[in-house]
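Trainee: Take this structure first; my questions come after.
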Amino acid sequence: MQAELKEDGLRIWRHCLLFGMAAWLAAATPASAFIAYVSNEKSNTVSVIDTNSWAVIKTIKVGQRPRGIEFTRDGKFVFVAVGDDDSIQVIDVAKQEVVDSLPSGPDPELFALDADGKILYVANENDNTVTIIDVEKRARLGEIQVGVEPEGMAISPDGKILINTSETTNMAHFIDTTTREIVANVLVDARPRYAEFKRDNSEVWVSSEIGGTVSVIDPAKREVTKKISFEIPGLRSEAIQPVGIGMTKDGKTAFVALGPANRIAVVDAVSHKVTKYLLVGQRVWHMAFTPDEKYLLTTNGVSNDVSVIDVAAQKVIKTIQVGELPWGMTIAQP
Amino acid sequence: MIRCLVAAIGLSIAATSVLAAAPIEIGVGYLGRAGIKAKLSLVELPAENDGLAGARLAIEDNNTTGKFLNQRFTLEEVRLRDDEDVAKAAAALAERSGFIIADLPADDLLKAANALRERGTLLLNAGAIDDRLREQDCRANVIHVAPTRSMLADALAQYLVWKQWKRWLLVVGSHDQDKLYADALRRAATRFGAKIVQERTFEDTGGARRTDSGVTLIQRQIPVFTQQAPAYDVLVAADESEVFASYLPYRTWDPRPVAGSAGLVPTSWHAAQDQWGAIQIQNRFAKLNLRHMTALDMQAWTAARMVGEAASRTKSGDPKAVSDFLRGKDFSVAAFKGRRLTLRDWNLQLRQPILLVDGRMVVSVSPQEGFLHQVSELDTLGADRPETKCKLN
Numbered sequence: 001m002q003a004e005l006k007e008d009g010l011r012i013w014r015h016c017l018l019f020g021m022a023a024w025l026a027a028a029t030p031a032s033a034f035i036a037y038v039s040n041e042k043s044n045t046v047s048v049i050d051t052n053s054w055a056v057i058k059t060i061k062v063g064q065r066p067r068g069i070e071f072t073r074d075g076k077f078v079f080v081a082v083g084d085d086d087s088i089q090v091i092d093v094a095k096q097e098v099v100d101s102l103p104s105g106p107d108p109e110l111f112a113l114d115a116d117g118k119i120l121y122v123a124n125e126n127d128n129t130v131t132i133i134d135v136e137k138r139a140r141l142g143e144i145q146v147g148v149e150p151e152g153m154a155i156s157p158d159g160k161i162l163i164n165t166s167e168t169t170n171m172a173h174f175i176d177t178t179t180r181e182i183v184a185n186v187l188v189d190a191r192p193r194y195a196e197f198k199r200d201n202s203e204v205w206v207s208s209e210i211g212g213t214v215s216v217i218d219p220a221k222r223e224v225t226k227k228i229s230f231e232i233p234g235l236r237s238e239a240i241q242p243v244g245i246g247m248t249k250d251g252k253t254a255f256v257a258l259g260p261a262n263r264i265a266v267v268d269a270v271s272h273k274v275t276k277y278l279l280v281g282q283r284v285w286h287m288a289f290t291p292d293e294k295y296l297l298t299t300n301g302v303s304n305d306v307s308v309i310d311v312a313a314q315k316v317i318k319t320i321q322v323g324e325l326p327w328g329m330t331i332a333q334p
Numbered sequence: 001m002i003r004c005l006v007a008a009i010g011l012s013i014a015a016t017s018v019l020a021a022a023p024i025e026i027g028v029g030y031l032g033r034a035g036i037k038a039k040l041s042l043v044e045l046p047a048e049n050d051g052l053a054g055a056r057l058a059i060e061d062n063n064t065t066g067k068f069l070n071q072r073f074t075l076e077e078v079r080l081r082d083d084e085d086v087a088k089a090a091a092a093l094a095e096r097s098g099f100i101i102a103d104l105p106a107d108d109l110l111k112a113a114n115a116l117r118e119r120g121t122l123l124l125n126a127g128a129i130d131d132r133l134r135e136q137d138c139r140a141n142v143i144h145v146a147p148t149r150s151m152l153a154d155a156l157a158q159y160l161v162w163k164q165w166k167r168w169l170l171v172v173g174s175h176d177q178d179k180l181y182a183d184a185l186r187r188a189a190t191r192f193g194a195k196i197v198q199e200r201t202f203e204d205t206g207g208a209r210r211t212d213s214g215v216t217l218i219q220r221q222i223p224v225f226t227q228q229a230p231a232y233d234v235l236v237a238a239d240e241s242e243v244f245a246s247y248l249p250y251r252t253w254d255p256r257p258v259a260g261s262a263g264l265v266p267t268s269w270h271a272a273q274d275q276w277g278a279i280q281i282q283n284r285f286a287k288l289n290l291r292h293m294t295a296l297d298m299q300a301w302t303a304a305r306m307v308g309e310a311a312s313r314t315k316s317g318d319p320k321a322v323s324d325f326l327r328g329k330d331f332s333v334a335a336f337k338g339r340r341l342t343l344r345d346w347n348l349q350l351r352q353p354i355l356l357v358d359g360r361m362v363v364s365v366s367p368q369e370g371f372l373h374q375v376s377e378l379d380t381l382g383a384d385r386p387e388t389k390c391k392l393n
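So the protein lines, in turn, are chains R and D.
Position 37, counted from 1, in the first sequence is what the working numbering calls 37; the numbers after and before it change by one each time, with no gaps.
Position 52, counted from 1, in the second sequence is what the working numbering calls 52; the numbers after and before it change by one each time, with no gaps.
Here's what the structure looks like:
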């Protein structure tokens, strides 16, 4: 009897040891590390996060009210819109400091780069315009008049259509990138904030912060084909305010940030059904995937942190403190 | 050859007429009384276009949207002199406008509403805060964009209670509207658990609001007026008539904060409000008018935007279709308050958060956290469905 017990104990011990080793090995083998840049709207800084250590490794001083943030296509620079300085600043990734700025038009908020990374389209909140900028020449190429308070920007996968959403007009404007003219206006719910295409160009999703919905638009017909709404037990519908959208490359899963509801909705992007709500930090707005799509990082404004979501497990695994009112995020390989 | 040419011309005319189909015209009227309201503080004296400037900005915003929907909004302003009949003016304005934004005293508003009842013209009350207009005197053709006195009082009370300033010294002016505000404050105190330790009346004995001898006299009067009060946390003043409240801060016998008509003031809008994208409308407004945006400007902006919002949702300029949509369950409007605003279906009052401002900054926004409601936290402000005395129709 006693001997048996001893043997059992030994077996368990061996088990634990093996398991522990495996766990240790897994932890020690770095998933390929990436660098995330987070704009902190109130601190006037950009936090640089290493996705290997999940730690802030640098805080870069930028202009006033940094919001929209994006890597250049070559990964050498990061553009950050500093709205109260009426410009877009250029961060040199190697030096990790601001080295230049682009002439953006008044109060730039979000912007989109074309596929070649040569042309930048900027939403100017204060001016009802979208400004077109030649990135190399640092020159303004033109302007497009859109609705009141332009915000969300997205370029179709084929590069032919630019979507701009206007917050008080409540529309997604379809702009032909060749003629630079509006070709269609699709009415969505109140205060559209963000637009995201599926990679196969079959759908474009537009979030409405105050309306509380995500409109799924057929880019060919330029019509809303479906509206996704969100219900969270114990929360008033007014607290559910969709803003940022992240979509996996295969177009199967989408993540929608619900602002003051402090949650990310996981949406089956094929059936358009919400499958899960993940509790993140307070007032979650924007997000970015690591390039391998293993992780999704979200900016939580009021709690001043970033949540890390394990995409496969659909679980929040980590919280990282950043600057004040984190707003936007962009990720690339170091 | 000529036939071909004629055909081609005909075709091109047809094409242009399709492209440039005449836009749908949507007329909005603005009906107010002439004259400027008295204020104790010179910096708070309203501009001549107070309110109207907000409506104008919303018409501009509506037209930016309208150009994509082939809708064109126009604004016609009517200012009534003292002797002018409001019912007649409202009827004349309704000839050209399907919607009228009203900045009128309660009795005038009711006269206008009664005059327009048959016609079905919708009035959007941007100026009057009287609770009775949403209760016993409610009308089916009046939507209330301005908050009520009780919404303002409840918003303030929630914050004072949250702050644990629960013992109030209530000072009430001697005019009717001061007494109505005091009623709302008493109701709020009972509702949210504050205690009015004493009430005092500040008699308006007449006299100028502006004199060259300035503050000397006031500095002697106010400490004396507020002395020998029972222990209290905050002095709450009801002085819509602008007779004394602004003299209270820093002059009370006991060192206590002031709230209500001076000090911490509940309001639908303030030039310092910059949350929830508000900086954008503040900038647009300042650019257009070279001055700050007031609560009345915002109430008028919201009223005109509500018409614009309903017109773009219904893709119609028909007053009945637009009015029905406004009163229907699908209506909501974004107005830089951090959440969508909807109408209370039992009295057509716009639900809205209320700002608490100190004159330079937004101190807080009510409803306060923890004041719960089964339908909408916004319904913790003002008269709720079970207490309503309104019977529409």
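By construction, the Cβ of each residue, glycine as well, lies at the ideal position given by its N, Cα and C atoms.
If you're wondering where the values come from, they're calculated on a predicted model, not measured in any experiment.
Which residues, in order along the region 289-307 of chain R, keep a beta-carbon less than 7 Å from a beta-carbon of chain D?
Mentor: Within the region 289-307 of chain R, no residue qualifies.
Trainee: Interface residues of chain R around A280(D) at Cβ under 9 Å?
Mentor: With the sequence shown as reference, residue 280(D) is identified as Gln, and Ala is not the correct amino acid for it. Within 9 Å Cβ-Cβ: D107, E125, N126, V148, E149, E167, T168.
Trainee: Roughly how many angstroms separate the alpha carbons of I175(R) and L116(D), rounded to a whole number?
Mentor: Between I175(R) and L116(D), the C-alpha separation is close to 44 Å.
Trainee: Just the Cα atoms here: how many angstroms apart are T290(R) and T298(R)?
Mentor: Roughly 11 Å between the two C-alpha positions.
Trainee: Closer than 8 Å by beta-carbon distance: list the chain D residues that pair up with M171(R), in chain order.
Mentor: T65, F68, listed in chain order.
Trainee: Secondary structure at D268(R), three-state DSSP: helix, strand or coil?
Mentor: The answer is strand: DSSP assigns D268(R) an E or B state.
Trainee: Mind listing the chain D neighbours of E238(R)? Cutoff is C-beta to C-beta under 7 Å, in chain order.
Mentor: Ordered by position in chain D, the residues that pass the 7 Å Cβ test against E238(R) are R339, R340, S376.
Trainee: Excluding the 5 residues preceding and the 5 following L235(R) in the sequence, name in chain order all residues of the same chain whose CB lies nearer than 6 Å to its CB.
Mentor: The answer, listed in chain order, is A261.
Trainee: Mind the definition here: the region 119-129 of chain D touches the region 97-110 of chain D only if three or more C-beta pairs lie below 8 Å; say whether that holds.
Mentor: Enough Cβ pairs lie closer than 8 Å, so yes.
Trainee: Applying a beta-carbon distance threshold of less than 8 Å, which residues of chain D neighbour N185(R)?
Mentor: Residues of chain D passing the Cβ test: F68, L69.
Trainee: Taking G66(D) as the reference, give the member of I354(D), L350(D), L326(D), R305(D) with the closest Cα.
Mentor: Measuring from the Cα of G66(D), the nearest candidate turns out to be R305(D).
Trainee: When you compare only the Cα positions, how much space is there between R251(D) and I320(R)?
Mentor: Spanning the two alpha carbons is a distance of roughly 48 Å.
Trainee: List the DSSP bridge partners of G54(D).
Mentor: In DSSP, G54(D) forms no bridge with anything.
Trainee: Answer yes or no: does any C-beta atom of chain D fall closer than 9 Å to that of G244(R)?
Mentor: Not an interface residue.
Trainee: Thinking L256(D) and D233(D) are a contact (beta carbons under 8 Å), I'd like their distance in whole angstroms, please.
Mentor: The amino acid occupying residue 256(D) in the given sequence is Arg; Leu does not appear at that position. At roughly 7 Å, the Cβ-Cβ gap stays under 8 Å, so R256(D) and D233(D) are in contact.
Trainee: Using the Cα positions of R167(D) and D154(D), report the straight-line distance between them to the nearest angstrom.
Mentor: Whole-angstrom Cα-Cα distance: 15 Å.
Trainee: Tell me whether V28(D) is buried or exposed, calling it buried when 16 or more other Cβ atoms sit within 10 Å of its Cβ.
Mentor: So V28(D) ends up on the buried side.
Trainee: Using a cut-off of 9 Å between C-beta atoms, extract the partners of A190(R) located in chain D.
Mentor: Here the neighbours are E309, S332, V333, A334, R340.
Trainee: Return no unless some Cβ of chain R is closer than 9 Å to the Cβ of S312(D).
Mentor: Chain R, which has a Cβ nearer than 9 Å to the Cβ of S312(D), makes this yes.
Trainee: Can the beta-carbon of K284(D) be found closer than 9 Å to that of N126(R)?
Mentor: The amino acid at residue 284(D) is misidentified as Lys; the sequence shows Arg. In this structure, N126(R) lies closer than 9 Å to R284(D) by Cβ.
Trainee: Drop a sphere of 10 angstroms on the beta-carbon of R138(R), count the other beta-carbons inside from all chains shown, and report buried for 16 or more, exposed for fewer.
Mentor: Under this definition R138(R) is an exposed residue.
Trainee: N300(R) by DSSP, collapsed to three states: which one?
Mentor: Residue state, collapsed to three classes: strand.
Trainee: Note down, in chain order, every chain D residue with its Cβ under 9 Å from the Cβ of G211(R).
Mentor: The answer, in chain order, is S332, A334, R340.
Trainee: For the region 264-278 of chain D against the region 203-215 of chain D, are there 3 or more C-beta pairs whose distance is under 8 Å?
Mentor: Result no; under three Cβ-Cβ pairs closer than 8 Å.
Trainee: Assuming E309(D) is part of the alpha helix (DSSP H), what are its boundary residues?
Mentor: Unbroken alpha helix (DSSP H) run through E309(D): 295-314.
Trainee: Quick test of your reading: L343(D) and R327(D), contact by CB under 8 Å. State the CB separation rounded to the nearest angstrom.
Mentor: Right, their Cβ atoms sit about 7 Å apart.
Trainee: With DSSP as the reference, label R67(R) as helix, strand or coil.
Mentor: R67(R) falls in the strand class under three-state DSSP.
Trainee: Run the CB neighbour count on I317(R), radius 10 Å, all protein chains shown included, and call it buried at 16 or more, exposed below.
Mentor: The residue in question, I317(R), is exposed, as its Cβ has fewer than 16 Cβ neighbours within 10 Å.
Trainee: What do you get for N347(D), buried or exposed, if any count of 16 or more other CB atoms within 10 angstroms of its CB means buried?
Mentor: Buried is the call here.
Trainee: By a C-beta neighbour count over all protein chains shown, 10 Å radius and 16 as the cutoff for buried, is E387(D) buried or exposed?
Mentor: With fewer than 16 Cβ atoms within 10 Å of its Cβ, E387(D) is classed as exposed.
Trainee: Determine, using beta carbons only, whether R291(D) and A47(D) come nearer to each other than 9 Å.
Mentor: Result yes, Cβ atoms of R291(D) and A47(D) sit closer than 9 Å.
Trainee: Could you tell me whether any Cβ in chain R is nearer than 9 Å to the Cβ of N283(D)?
Mentor: Closer than 9 Å: yes.
Trainee: Per the DSSP calculation, N201(R) is bridged to which residue(s)?
Mentor: N201(R) pairs with nothing; no bridge assigned.
Trainee: Helix, strand or coil: which one does DSSP assign to W162(D)?
Mentor: Correct three-state label for W162(D): helix.
Trainee: I need the straight-line Cα distance from G83(R) to L120(R), nearest angstrom please.
Mentor: For G83(R) and L120(R), the distance between alpha carbons rounds to 16 Å.
Trainee: In whole angstroms, give me the CA-to-CA distance for A389(R) and P66(R).
Mentor: In the structure displayed, chain R extends from 1 to 334; residue 389(R) sits before or after that span and is not available.
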